[in-house]
Structures are given as C-alpha cells and as structure tokens.
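At position 303 of the sequence shown (counting the first as 1) the number is 303 in UniProt numbering, and the numbers step up by one without a gap.
Positions of the beta carbon are idealized from the N, C-alpha and C atoms, including for glycine.
Single-structure report; data block below.
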Amino acid sequence: MTPEEERALLRKVDLAIVPFVSIAYLLAFLDRINIGQARVYGLEKELGLKGNDFAVALSVFFVGYVAFEIPSNIAFKKLKPARYITFMMLSWGTTMTLMGVVHNAAGLKAARFFLGLLEGGLFPGITFLISCWYPRTQTNLRIALFFSAGALAGAFGGIIAFGISKIEGVAGLSGWRWIFIVEGLATIVIATICYSSVPGFPDEPKSFLSPSESAKWNHHIQKDQGVILLDPDFNWSQVRNAFKDWKTWAYAVMYISIAQPLYSIALFMPTIIKALGFTSARANLLTVPPYVLGFITTNAVGYFSDRRARRGASIALAMSFVVVGYSILISPASFVVKYSAIFLVVAGVSPSIATAITWIGNNYGPVCTRATAMGLFFTTGSSAGLISSNIYPSKESPRFIKGHAISLCFACLAIVLALVLRWECRRQNLYRDQWVEASSSSSTHPVRGGDVDMANPTSREEKEKWDYEHLTDREILELGDKHRGFRYIW
Numbered sequence: 001m002t003p004e005e006e007r008a009l010l011r012k013v014d015l016a017i018v019p020f021v022s023i024a025y026l027l028a029f030l031d032r033i034n035i036g037q038a039r040v041y042g043l044e045k046e047l048g049l050k051g052n053d054f055a056v057a058l059s060v061f062f063v064g065y066v067a068f069e070i071p072s073n074i075a076f077k078k079l080k081p082a083r084y085i086t087f088m089m090l091s092w093g094t095t096m097t098l099m100g101v102v103h104n105a106a107g108l109k110a111a112r113f114f115l116g117l118l119e120g121g122l123f124p125g126i127t128f129l130i131s132c133w134y135p136r137t138q139t140n141l142r143i144a145l146f147f148s149a150g151a152l153a154g155a156f157g158g159i160i161a162f163g164i165s166k167i168e169g170v171a172g173l174s175g176w177r178w179i180f181i182v183e184g185l186a187t188i189v190i191a192t193i194c195y196s197s198v199p200g201f202p203d204e205p206k207s208f209l210s211p212s213e214s215a216k217w218n219h220h221i222q223k224d225q226g227v228i229l230l231d232p233d234f235n236w237s238q239v240r241n242a243f244k245d246w247k248t249w250a251y252a253v254m255y256i257s258i259a260q261p262l263y264s265i266a267l268f269m270p271t272i273i274k275a276l277g278f279t280s281a282r283a284n285l286l287t288v289p290p291y292v293l294g295f296i297t298t299n300a301v302g303y304f305s306d307r308r309a310r311r312g313a314s315i316a317l318a319m320s321f322v323v324v325g326y327s328i329l330i331s332p333a334s335f336v337v338k339y340s341a342i343f344l345v346v347a348g349v350s351p352s353i354a355t356a357i358t359w360i361g362n363n364y365g366p367v368c369t370r371a372t373a374m375g376l377f378f379t380t381g382s383s384a385g386l387i388s389s390n391i392y393p394s395k396e397s398p399r400f401i402k403g404h405a406i407s408l409c410f411a412c413l414a415i416v417l418a419l420v421l422r423w424e425c426r427r428q429n430l431y432r433d434q435w436v437e438a439s440s441s442s443s444t445h446p447v448r449g450g451d452v453d454m455a456n457p458t459s460r461e462e463k464e465k466w467d468y469e470h471l472t473d474r475e476i477l478e479l480g481d482k483h484r485g486f487r488y489i490w
C-alpha cells in the first residue's frame with residue numbers, strides 16, 4: 001500500500017468511526033455530569049435531599065457503571081457494535097429523561113443507578129473498537145479526539161444548563177428538571193440513527209470500504225499490531241491471562257489514580273467555583289474555559305504521543321500539572337489563583353486519561369485478552385467515581401481541603417506507576433531483542449508489532465525461530481503480547 005493509499009483509507013476509517021463515537025460519548029458524559037449543574041439550580045432543595053443524599057446519588061451511578069464493564073467488554077466482540085451501542089443509548093436516554101420527573105431522594109438514586117448500569121458498556125466498548133481498527137501509532141490521537149468530546153460536554157454542559165434553566169416553570173417543571181429531560185431526549189434522537197452509523201470490527205464486511213480496500217487496511221493493521229491482533233476461538237484461559245498479568249493491575253491502579261482527579265473536577269467544578277464567591281449561573285459559565293483548554297491539551301498530547309510512541313512519559317508530564325493544580329487549590333491562595341489552578345488540573349488530567357487508555361490497548365493480545373484487560377482497567381478506574389463522589393461534602397466549603405488532598409495523592413501515584421510501567425515495557429523489549437537482531441528498520445522496533453509471520457504464526461519455521469517447539473498451535477495463538485516477536489510501546 002502506497003503512502004497516498006494509506007492516507008486515503010485512514011480518512012475513510014476516521015470519517016466512519018470518530019465522529020459518531022465522539023458524539024455518543026459527548027452525550028454520555030453530559031448525562032453523567034449534569035447532576036452537578038442541576039444541583040446549583042435547586043435540585044437538592046426541591047427533592048428534600050439531606051445529609052449525604054447527594055453524595056449517595058453520585059456514588060450509585062458508579063456502582064452500576066462498574067458492575068457492567070468487564071462482562072460488557074467480553075461480550076462486545078461477539079455482539080454487533082451497532083446493535084449494542086444503539087440499545088445502550090436508547091436505554092440510558094430514556095432513564096435520563098425520566099430522571100427529570102423524580103420526586104424524592106429514592107427516585108433520584110434509583111435513576112442514577114440505572115443510568116450508570118446502562119452507560120457502563122459504552123466507553124470501554126468504543127475504546128476497544130478503536131484499538132482494533134488502527135495501527136498503534138495512530139490510536140492515541142483517535143482516542144484523544146473521542147475522549148475530548150467529554151471535555152466539550154463539560155464546556156458546553158455549563159452553557160446548555162444555563163440556557164435550559166431559563167425555561168423554569170414551563171409545564172410546571174423547575175429548570176433543573178428540564179436539564180435532565182432535554183438532554184435525555186437528545187440522546188434518544190441520536191440513538192435512532194446509531195444502528196446505520198456504527199461500523200463493526202475490521203474483519204467484518206463494511207459498507208464504507210471496498211473488499212480490496214478492506215484487505216489492504218487489515219494487512220496494514222496486522223503489520224503494526226502483529227500477534228496481538230490474532231483472534232483464536234474463545235477460551236477462558238484468555239480471560240485468566242489478563243487477570244494473571246501484574247501489569248494489568250498496575251495499569252488499572254494507574255487509571256484509577258488519573259480518573260479520581262478527573263471525576264472530582266468533573267462532578268464538583270461548579271460547586272468549587274461557586275464556593276469561590278460566584279453566583280450559581282456564573283459558576284456554571286466559568287466551567288467552560290477550563291474544559292476548552294482540556295479539549296486542546298488532550299488532542300495535542302495525543303498527537304505528539306503518537307508521533308513519538310511514548311505513553312508513560314506523556315502521562316507523567318501531564319499529571320505533573322494536576323499535582324501543581326491541586327497543590328494550589330489546597331493553599332490559602334486568592335480566588336483568582338485558585339480558579340487558574342482548575343485550568344492546570346483539567347489541562348493535565350484530560351490527556352492523561354486518553355493516553356492511559358491508548359497504552360493498555362496497544363500492549364495486550366490476543367483480542368479476547370485485550371478486551372478483558374481493558375474491561376478490568378475501566379472497572380477499576382470507574383471505581384474512582386465512588387471515591388470522588390464522597391470527598392467534597394458541602395460543610396467543607398469553600399476550601400475542600402480533604403477532597404483536594406486526596407486528589408493530589410492519587411495524581412502523584414499515577415506519575416509513579418506511569419514511570420514504573422514505562423520501565424517494565426522497555427525492559428521487556430530489550431530482553432526480547434536477543435531473539436531477533438534489532439536495527440532501525442527492524443520490525444522489532446517498539447512501535448511495531450513484531451516480525452512474526454502473521455499468515456503462518458504456528459508453522460514449524462516460526463516455532464523454531466522463536467523457540468516455541470514445545471507449545472501447541474493454540475498455545476502460540478494465545479500468547480499475544482507475551483510472544484517474543486512482539487514489542488511493547490512504552
């Protein structure tokens with residue numbers, strides 16, 4: 001395939017995948033965080049929430065969300081993505097709409113639980129789909145584009161909530177109720193066109209590529225991803241392999257250490273800004289500029305991370321800004337300085353999430369093992385929402401020292417684990433280089449999948465080459481990223 005053909009096919013794949021999945025995630029994130037905006041427009045008072053009722057309403061979302069992620073991601077490969085995503089969007093959109101007519105704390109908590117349960121499969125499923133469609137050095141930017149839709153949701157969520165709240169009293173409903181109803185209906189409308197818009201996996205027939213284009217693109221992906229793209233028949237050993245690898249847990253803990261500051265700032269930014277002395281309306285509007293900056297930094301880091309194929313260093317650098325930001329928020333600085341610190345937090349945590357997701361997707365195989373590892377990764381990371389939901393009680397306003405301190409500690413842990421995983425992936429690459437002489441043009445370079453013969457990975461020649469004569473064909477196919485011909489991105 002010539003460079004011109006590659007660029008043309010890449011544009012086709014991008015247009016088929018990135019716009020719709022970005023819109024779907026924007027709506028999901030908007031529906032997830034709009035409770036923070038509804039809060040400043042009187043949700044607590046009208047529903048009679050007391051004590052920790054609001055924190056519980058936030059937390060139960062993540063109980064449902066976490067419960068569904070691993071089984072959903074394992075099933076995602078076997079189900080048609082279009083059907084699966086359509087069902088999820090219709091279901092959570094309906095739940096979101098009905099949340100606008102709840103009348104007490106119990107109703108709010110029940111709605112939030114089912115909202116989390118029905119959204120739980122979207123994010124891990126879409127990122128898994130992207131990791132299967134692109135070469136590893138083109139994945140971070142696409143996941144960044146998709147994930148930065150969440151930053152746009154945060155940015156426009158404040159403006160949208162401000163506008164919708166102005167229809168206070170229509171049909172006898174409060175403004176905060178209309179926030180839920182209008183945004184839920186928007187999700188339902190978009191879901192109706194989902195079925196014909198979402199592509200399947202690369203090895204499935206597709207309308208936007210001709211058979212010859214599809215064959216060329218699949219070969220292009222195989223050249224880069226190598227053995228981790230193999231998809232042997234399902235076996236529970238592939239699932240167990242993901243759980244047995246210590247790196248899976250290190251990635252997962254790193255992800256929760258990034259996600260916790262993200263959820264803290266996403267759920268409580270309006271509350272934190274209001275506590276600095278602003279009105280409810282202005283607090284929601286002031287959430288917009290930090291999210292715009294987050295959108296920019298997410299895509300910039302994604303671009304350079306792909307260009308250099310360096311994930312660990314990108315995360316460590318970006319999370320350093322988060323550490324500085326939370327350090328300022330804890331301090332007795334002026335409200336102007338503290339508002340500026342929010343920019344640092346959002347600018348650092350948003351690209352770190354996207355890069356962490358890309359990293360684990362780049363380095364696991366075969367396909368079922370990757371789906372399991374990513375499911376565990378997301379389940380652990382989403383648990384951060386349970387922590388974030390309960391560390392910003394109103395009584396600690398305006399400084400919220402406990403919440404900011406916990407977020408600061410998690411950010412520091414994320415930096416440490418990013419550097420540890422970077423070291424381990426690089427160490428494994430150096431060890432495996434003894435099997436094939438590495439050079440600047442060798443496919444054992446860390447950004448390549450390895451120079452295994454993908455047409456005959458279990459042939460006698462391949463077994464001898466990699467010293468795998470003692471393994472069965474199936475065992476070789478299930479090696480995935482453990483194959484000596486594979487190189488990690490670090």
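Exercise. Rounded to whole angstroms, what's the CA-CA distance from residue 472 to residue 368? Just pull it up for me.
Key: 19 Å
Quiz prompt | Separation of residue 412 from residue 420, as counted between CA atoms | solution = 13 Å
Quiz item: What are the boundary residues of the alpha helix (DSSP H) that residue 486 is part of?
Solution: Per DSSP, residue 486 belongs to no alpha helix (DSSP H) and is neither H nor E.
Quiz prompt | residue 434 classed as buried or exposed, judged by whether at least 16 other C-beta atoms fall within 10 angstroms | solution = exposed
Quiz item: Would you say residue 260 and residue 357 are within 7 Å of each other, going by their C-beta atoms?
Solution: no
Quiz item: In three-state DSSP terms, what is residue 333?
Solution: Coil, per DSSP.
Quiz item: Can you tell me whether DSSP reads residue 132 as helix, strand or coil?
Solution: helix
Quiz item: Among 263, 146, 270, 202, which has the Cα closest to the Cα of residue 303?
Solution: 146
Quiz item: Is the beta carbon of residue 37 less than 7 Å from the beta carbon of residue 390?
Solution: no
Practice problem: In angstroms with no decimal places, state the Cα-to-Cα distance between residue 15 and residue 332. | Solution: Taking the Cα positions, residue 15 is about 48 Å away from residue 332.
Practice problem: Less than 8 Å between the CB atoms is what I'm expecting for residue 354 and residue 73, so what's the real figure, rounded? | Solution: 18 Å between Cβ atoms; not a contact.
Practice problem: For the region 371 to 380 and the region 304 to 319, state whether three or more C-beta atom pairs, one from each stretch, are separated by less than 8 Å. | Solution: Short answer: they don't touch.
Quiz item: Ordered along the chain, which non-local residues of its own chain (more than five positions away) have a Cβ less than 6 Å from that of residue 406?
Solution: 391
Quiz item: In angstroms, rounded to a whole number, what distance separates the CA positions of residue 133 and residue 362?
Solution: Approximately 11 Å between the Cα atoms of the pair.
Quiz prompt | Burial state of residue 31, where buried means 16 or more other Cβ atoms lie within 10 Å | solution = buried
Quiz item: Around the C-beta of residue 483, are 16 or more other C-beta atoms found within 10 angstroms, so that it is buried, or is it exposed?
Solution: buried
Self-check item: Anticipated Cβ contact below 8 Å, residue 478 with residue 235, distance rounded
Solution: 7 Å
Practice problem: State the Cα-Cα distance for the pair residue 192 and residue 280, rounded to the nearest angstrom. | Solution: 34 Å
Quiz item: By how many angstroms is the C-alpha of residue 174 removed from the C-alpha of residue 43?
Solution: 9 Å
Quiz item: If residue 113 and residue 60 are in contact, beta carbons under 8 Å, what's the gap, nearest whole angstrom?
Solution: Their Cβ separation, rounded to whole angstroms, is 4 Å, which keeps residue 113 and residue 60 in contact under 8 Å.
Quiz item: Which value, in whole angstroms, describes the spacing of the CA atoms of residue 117 and residue 378?
Solution: Between residue 117 and residue 378, the C-alpha separation is close to 14 Å.
Quiz item: To the nearest whole angstrom, what separates the beta carbons of residue 35 and residue 57, a pair I think is in contact under 8 Å?
Solution: 7 Å
Quiz item: Does the beta carbon of residue 18 sit closer than 7 Å to a beta carbon anywhere in chain B?
Solution: Going by chain labels, chain B is absent from the structure shown, which holds only one protein chain.
Self-check item: Buried or exposed (CB count within 10 angstroms, at least 16 for buried), residue 78
Solution: exposed
Quiz item: Terminal residues of the continuous alpha helix (DSSP H) containing residue 212?
Solution: 211 to 225
Self-check item: Where residue 456 falls, given that 16 or more other Cβ within 10 Å makes a residue buried
Solution: With fewer than 16 other Cβ atoms inside 10 Å of its own Cβ, residue 456 counts as exposed.
Quiz item: So residue 54 is in the alpha helix (DSSP H); what residue range does that whole segment cover?
Solution: 53 to 76
Exercise. Report the residue from 53, 156, 87 whose alpha carbon sits nearest the alpha carbon of residue 110.
Key: 53
Quiz item: Mind pulling the beta strand (DSSP E) runs of 3 or more residues that sit fully within the region 229 to 266?
Solution: If we require 3 residues or more, the region 229 to 266 turns out to have no beta strand (DSSP E) run fully inside it.
Exercise. Within 10 angstroms of the Cβ of residue 244, are there 16 or more other Cβ atoms? Answer buried if so, exposed if not.
Key: exposed
Self-check item: Pair within 7 Å by beta-carbon distance, residue 360 and residue 291
Solution: no
Quiz prompt | Residue from 343, 212, 197, 232 with nearest C-alpha to residue 480 | solution = Selected option, being the one with the closest Cα: 232.
Quiz item: Secondary structure at residue 138, three-state DSSP: helix, strand or coil?
Solution: helix
Exercise. Provide the residue span of the alpha helix (DSSP H) that contains residue 434, from first to last.
Key: Segment: none, residue 434 is in no alpha helix (DSSP H) and carries neither H nor E.
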